[in-house]
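Same order as they appear, the protein sequences are chains D and B. Under this note's numbering, the residues of the first sequence are numbered 1 to 718, in order. Under this note's numbering, the residues of the second sequence are numbered 719 to 1436, in order. Each remark here refers to the structure printed beneath this line.
There are 2 protein chains.
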Amino acid sequence: MGNNPLQQLMNPKSVATVGAGNNPMKMGAIQALSIIKDGFPGKFYPIHPTEKEVFGYKAYSSALDLPEAPDLVMFVLPAPLVVQILEDFGKIGTKRAIVITAGFGETGPAGKELEQQLRETAGRYGIRFLGPNCMGIINSDLPLNVTVMPLTGPPGCLGMASQSGTYITQTLPYLQRRGIRFSKAISVGNEGDIDIIDALEYLGADEQTRAVTLYIEGLKDSRRFLETARKITPHKPVLAQYVGGTDAGARAGSSHTGAMAGPDYLYDGLLKQAGIIRVNSIEELYYQGWALATQPRLKGRRVAVITNSGGPGTAMANACNEGGLEVPAFSDKLQAGLRKHLPAHGSSGNPVDLTFHLSAEALSTTIPELIMKSGEVDGIVMHGLMGSGFMKVIYPHLADLVGDMDPEDFAARQIGNIDEPLSLPGKYGLPLIMSSFFGRDDNFTAAYQDNNTPVFDGPEKAARSMLALHRYNMVRERPDRQAAELPARSEEAVEIIEKALCSGHRVLDEYSSKKIMAAYGVPVSEDSLAHSVEEAASAAGKIGYPLALKGCSPEVTHKTGRGLIHLGLRDEDDLRRAYRAVVGAAGQETAVLLSKMIKGDREVMAGMTRHEGFGPCVLFGLGGVFAEVLNDTTFRLAPLGRADALEMVGGIRAAAMLESFRGMPQADRDALAGILQVVGSLGLLHPEIAEVDLNPIIISGAEPVVVDALIILNENEG
Amino acid sequence: MGNNPLQQLMNPKSVATVGAGNNPMKMGAIQALSIIKDGFPGKFYPIHPTEKEVFGYKAYSSALDLPEAPDLVMFVLPAPLVVQILEDFGKIGTKRAIVITAGFGETGPAGKELEQQLRETAGRYGIRFLGPNCMGIINSDLPLNVTVMPLTGPPGCLGMASQSGTYITQTLPYLQRRGIRFSKAISVGNEGDIDIIDALEYLGADEQTRAVTLYIEGLKDSRRFLETARKITPHKPVLAQYVGGTDAGARAGSSHTGAMAGPDYLYDGLLKQAGIIRVNSIEELYYQGWALATQPRLKGRRVAVITNSGGPGTAMANACNEGGLEVPAFSDKLQAGLRKHLPAHGSSGNPVDLTFHLSAEALSTTIPELIMKSGEVDGIVMHGLMGSGFMKVIYPHLADLVGDMDPEDFAARQIGNIDEPLSLPGKYGLPLIMSSFFGRDDNFTAAYQDNNTPVFDGPEKAARSMLALHRYNMVRERPDRQAAELPARSEEAVEIIEKALCSGHRVLDEYSSKKIMAAYGVPVSEDSLAHSVEEAASAAGKIGYPLALKGCSPEVTHKTGRGLIHLGLRDEDDLRRAYRAVVGAAGQETAVLLSKMIKGDREVMAGMTRHEGFGPCVLFGLGGVFAEVLNDTTFRLAPLGRADALEMVGGIRAAAMLESFRGMPQADRDALAGILQVVGSLGLLHPEIAEVDLNPIIISGAEPVVVDALIILNENEG
């Protein structure tokens, strides 16, 4: 973190702009105004070829004329001019830059070339830069805002790093209307130098930032992302939206910032492994991020639902329950206490439903405090508190009756002291998330929002934000993610691989593949290789029936459905028939593999594949012939720690199959996790291996046994 | 529909209120004001014990004093007084009532009794009523608004029937801010008489209503709901949120309106069968409902994404693609045309990204029209159009520079004639759904919303609303849902059931269960029942090895894991061993069933269960020993039409397993559908049957064969 380039970039004492003039209908000028008007306490130096002044600030025609080297320079002029002027700043000693200008790598080969020049020039002078093709930064604490929208309100505590500038800029008024405030926000653009991982690292360490949100179209180095995120998520929540997982999303992202997207399942595994809470819309990113940034930990699963309306109360209770939170019925004692403050037709269980009425004190203060005091829940979601918003809405109907009554006054009368309800969350340390159909024109909505209690515009949003707190709790409670230690490289494995490479084979046969797995301690079915029917018969006698016989050669990979697998052979007659069938099916003499039949109804699979930007990835899934159609898989990046591997084992939809049921014992999850760890290690220990496929792994009794294995080597190496 | 009680209730010529006085801080008075102030064109008669006038209208102390029988009476006075006064209205001939008053069935036994009295009194006078414990109705066309919130704006086209009054009332200002307008809205409360199904039927036939939304906590008669909905969904979209599917949701709903909830999977099947689009939040219900109410049909899958910002464009493209829509790359010709209107670093593919700039004409008019004309897409989602909203936001930074420039004027100058872009959707007949982070304070947002083009506050919301149009298209294109014809009752089945009942058995053994299935034409494995080992050996000879042998008696139901099933017997030795084992395991002499071994790797299951309010339901799912842990099932109400049954077969997660793969042929879906239809018919033809369980059904080659069957009879009948 000491070296994080954003530390300096986000906290300059002086800022120069290049290209911003005095026409307030131009983007650059609007951005310069944001610096000037939003309270940046440092020096401001506009560079402009013709203007003498920019918005009252002395303008300079060149960096070389400046009285000092500014800490930060921002470029808003056309792409072809940026590199040369950056050179000037390099010469005077400026070390940080923001390149707002578009028209670089995202536009094609010529733009890529220009971006490369930018990088080279910056590198020559030790300049670290953000962009190009970005919207800049916001530091609400300094303050410094270089974006096109004004910064309003006091500093917030939600951090954001985004591959879309819009989400830190165009949304500012949207966020302001919802009471959500950034601590720091960073638009990374094309990531010509500083990237979203640097931004994540910076925000992870930033004290003002209490939760980090990420908008991701694609990552260049998922491994570095994982390492960075893992250090942050145990103590600070990180949330992410990833939109590059479909064909259309990948194509759109590529023409937007040149981001290299990857399949959704890889990113899904990456985010899980990193302990990042994944969301599916920008709204969820902001809302759930804000809830996590502002609220204390949800220390258990028990949630109270308080409402003045049955529908939203029911919807909140249902959403909480669906997501794994409990909405426990309150004790008789607590219910008796609550009933004193409820109308006769209200409900005192949980949800507490006050039903629609105009007094706010019970809903805002009495009821929540009784519940917080009780110790019966760990958090509260509440719907329906309203004051002046309601009065303003119905005012047209009442105006001629109530005359000069001011809606705000009326609302103030409803509850004597708004400080009391606002103080409750702090006093009792419980998370409180609210829902209201009234915006900030309502005095309660505004007061709670300004007091860092989220008020969202829908009951399900409040409930699902509470679920985000619960999800983060699960991340915090995960076992330690220690860096996995790789085993020593097996000489036997190296030999097998080298032999195959020498003989020009990219595909290791089942026998060799299993030998490698066994060399790393993976339990495989007891096998014997035979090259003639007599050898087979003799080997069979040693292993014992029933047996499986399979064609075995590098040429024979997809054996199912080709008559190359014969299971359940009971005696030598069976064996001889099967041998002849395999030779017939293969169309040539072939080695055969004899394996002891492994009994077990449960089949899983594991594998290793390599992906650009990800390196070796481990797959775990439901196995057997239906693996491909059921597609119940989960991915992680290698190497896997024990906790990672166990999380994978428990992370498939069919994970319940590994429990004890129908007379089958609980599967040995540790043994399965061990296999997954080895599979991941293979990718790192043996760069020659392109792919590992263990399918099926049969759960025999409790123990997993690899029954078929296939290792494929890299084309380049082969 | 001619008899639908809401036809009269929603369109009265005269309305009386009972209980509303002149204190504008009371709910009843506020509701009376809504009638008076929101333009109800008919007569208004307040009934009040003491007031002489209510808000300037002559008040009557009793219904009996009224000059005429009002078409509709609304009660807002305490529960104990309602019944008696309803009686008065009955006497004078009023036929429709709304009981806003709470404190009836939702509060417990005494309230239930009171609600029963209400029903009886109403029934005596032929009065049909809404409520009790409801928030009333809105008819924006008449207009008549009896709720606590004012009605604003012109009439809309979105209908709603809700088991929560809040969702037609408290949300009115929320909806107004989003440009969403009701046609008719109905709060059904406790459904003491008129229920949500009546409301669905009414809205389905209402010409002003172009899409129907339902908020559901529980249905009393799912079968009637299904029949009603099925008539509507082929020509008008219906959307629903169901929140009673968890423990907490069910408990909350029950204390809210006394609604009887059921498990989520049953409601999920019901909604699918009805062709209703299910959503998971009130916001989705409104947004997607509004999109469907206002937009023409999406006639294909091809969508254009137009944006002035890469992030939202990528997010929209990704969300569309994820949900099954295509975002096709445009033709070279179209792209060449588009590029003339784009900056150099914009994108002309699909998404079209204009990048951030301040001219609105290309985004609002030129680009969409080129795309609409091209015929290359079926619908458009667009993000980022903004005018005065943006100007208002940045105004504080510009005020001293631009002086007296009015933001609205500025916005108007950006685009000469807003009528032209607004006319495009109508001119080309394509659905257009927009996203903007600016609300109605932006001139474009307001103009589009008022022109029935949705503008939603998030790119994913626009994209997912387009997906709702796609989902509805799938409903419209479903094969005809003809009422299924039941087969004739099988005398053989009747005999088997009667015999079991006479002998006091609730559980039919596998042999008898299969006989019943076979009697209805369901393919079952070839079986023979044997009562001794010699009989078994002789039967085995006839059937031929390999064989399965299973213990078979009404006492023996869960055979797996108890040593009562022996598969793959290859000869008489095997058979005798297995026979002895079964007798040993059963602890007594027992009949055994010999069955030909059915080969096939694919196993599914089917079943019938009965549920309160649902009647017989049919289950289809992945079968075999893992059925319970994988829990991949789908439900429908019996009887099933052929199209219903086929939709079930294709509706499980593992449906791809039934395709042709790995040398297995495509499963005979028609045969599977036929089995499901029989299973459903059994529930209707034989009320004595409580439960049917066919598991597994093995797909042998292409053909499904029932390998194990269990029929359980009703306790009452047995």
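Glycine included, each C-beta is placed from N, C-alpha and C at the ideal position.
The residue among B:Cys-852, B:Ile-904, B:Met-1152 with its C-alpha nearest the C-alpha of Asp-1175 (chain B) is B:Met-1152.
The C-beta of Arg-181 (chain D) comes no closer than 9 Å to any C-beta of chain B. In this structure, the alpha-carbon of Lys-37 (chain D) lies about 9 Å from that of Leu-1116 (chain B). With its beta carbon less than 9 Å from one in chain D, Arg-895 (chain B) belongs to the interface. Within the region 966-978 of chain B, contact with chain D at the beta-carbon level (separation under 8 Å) is assigned to Ala-966, Gly-967, Arg-969, Ala-970, Gly-971, Ser-973, His-974, Thr-975. Of the residues assessed, Gly-126 (chain D) falls on the exposed side of the cut-off, its CB having fewer than 16 other CB atoms within 10 angstroms. Exclusion of the five residues before and after Gly-1041 (chain B) leaves Leu-1185 as the residues of its chain whose Cβ lies within less than 6 Å of its Cβ. Phe-356 (chain D) belongs to the set of residues whose beta carbon lies under 9 Å from a beta carbon in chain B. Inter-segment contact for the region 1393-1401 of chain B and the region 1342-1360 of chain B is present: three or more beta-carbon pairs are separated by less than 8 Å. Contacts between Ser-660 (chain D) and chain B, judged by CB atoms closer than 8 Å, are missing: the closest CB pair is about 11 Å apart. In this structure, the alpha-carbon of Thr-590 (chain D) lies about 56 Å from that of Lys-1017 (chain B).
Between the region 96-106 of chain D and the region 71-82 of chain D, the count of Cβ pairs shorter than 8 Å is three or higher; the stretches touch. For Gln-959 (chain B), the beta-bridge partners assigned by DSSP are B:Tyr-933, B:Val-997. Taking a 10 Å sphere around the C-beta of Lys-550 (chain D), we find 16 or more other C-beta atoms and assign the residue as buried. The region 461-478 of chain D makes contact with the region 415-433 of chain D: 3 or more CB pairs, one atom from each, lie closer than 8 Å.
Ranked by Cα distance from Phe-75 (chain D), the first of D:Ile-98, D:Ala-69, D:His-611 is D:Ile-98. Below the 7 Å Cβ cutoff, chain D contributes Ser-309, Phe-437 as neighbours of Gln-888 (chain B), in chain order. Secondary structure of His-383 (chain D) (DSSP, three-state): strand. Listed by position along chain D, the residues whose Cβ is nearer than 8 Å to that of Lys-755 (chain B) are Pro-396, His-397. For Lys-596 (chain D), the enclosing beta strand (DSSP E) stretches over residues 592-596. Contact between Met-1100 (chain B) and Phe-1156 (chain B) is absent: CB atoms are separated by about 13 Å, not below the 8 Å threshold.
When Cβ-Cβ separations below 9 Å define contact, Leu-676 (chain D) makes no contact with chain B. Going by C-alpha positions, Leu-918 (chain B) is about 8 Å away from Thr-946 (chain B). Rounded to the nearest whole angstrom, the CA to CA distance from Gly-56 (chain D) to Lys-184 (chain D) is 28 Å. Not one beta carbon of chain D lies nearer than 9 Å to the beta carbon of Asp-913 (chain B).
Counting only runs that start and end inside the region 332-391 of chain D, the beta strand (DSSP E) elements of at least 3 residues fall at 379-383. Between Leu-6 (chain D) and the set D:Ile-168, D:Ile-138, D:Ile-367, the nearest pair of CA atoms involves D:Ile-138. Asn-473 (chain D) and Leu-292 (chain D) have their alpha carbons spaced roughly 10 Å apart. In its chain, beyond the 5 residues on either side, Gly-1269, Arg-1280, Gly-1281, Leu-1282 have a beta carbon closer than 8 Å to the beta carbon of Ala-1303 (chain B).
In the assembly as shown, Gln-31 (chain D) is a buried residue. Its beta-carbon has 16 or more other beta-carbons within 10 Å. A contact is defined here as three or more CB-CB pairs under 8 Å, and the region 623-630 of chain D fails this definition with respect to the region 273-284 of chain D.
Short of 7 Å from the beta carbon of Ala-968 (chain B), and not among the five residues preceding or following it, lie these beta carbons of its own chain, in chain order: Gly-962, Ala-979. Pairwise C-beta distances place the region 498-516 of chain D in contact with the region 695-714 of chain D, as three or more of them are shorter than 8 Å.
According to the DSSP assignment, Val-1397 (chain B) belongs to the alpha helix (DSSP H) that extends over 1387-1403. No Cβ-Cβ contact shorter than 9 Å links Ala-315 (chain D) with Ala-488 (chain D).
Annotation: the continuous beta strand (DSSP E) that includes Met-1152 (chain B) extends over 1150-1153.
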